[in-house]
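Numbering (our numbering), first residue to last: 53 to 236.
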């Protein structure tokens, strides 16, 4: 993994959308050997502007926001000088990028079909998974993915890389024990 190249994943929309985006980002970060940084500090889940990702999940691949360097080597360029803004704030800063038109909101997210970006920091977010965009890059140590369905790839990435925070997992375990431990 490159310690000086980053993929910054912004949060947008609901939890399901964020997880699908994150699973795609994990795959892309692995394909490109970039350091993954997850930034869910928008007001959808955070009341105080803090990054809530690590309060919800554990992801060994994800670093901390303060690892992102102060640099102009950023793609998409619209994020230069705005790396600590949320996706929603960026949309507010650039209202001409209407959310109704995918071709305009894509200005805020790097194209995952390319693996050869020279910039130090790539920024992405999406409402949906983007495995299909990366399929042509499933070669070498990723060849085995080419025969799997998108659902199977997402399941594998999820199981291998994303776990609920321990406090959340404990509450889930307690709920299961209380509600589903009885014989039917």
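The beta-carbon is built from N, C-alpha and C at its ideal position, and this holds for glycine as well.
- Here residue 114 has 88, 90 as same chain residues with Cβ atoms under 6 Å from its own Cβ, once five neighbours each way along the sequence are excluded.
- By the neighbour-count criterion, in which a residue is buried when 16 or more other Cβ atoms sit within 10 angstroms of its Cβ, residue 77 is buried.
- By a beta-carbon distance limit of 8 Å, residue 214 contacts residue 109. Their separation comes to about 6 Å.
- C-alpha of residue 220 to C-alpha of residue 119: approximately 26 Å in a straight line.
- Boundaries of the beta strand (DSSP E) around residue 87: 87-91.
- Annotation: residue 180 to residue 72 spans about 6 Å, alpha carbon to alpha carbon.
- Judged by DSSP in its simplified three-state form, residue 109 adopts strand.
- Going by C-alpha positions, residue 131 is about 10 Å away from residue 173.
- In the three-state reduction of the DSSP assignment, residue 175 falls in the strand class, which pools E and B.
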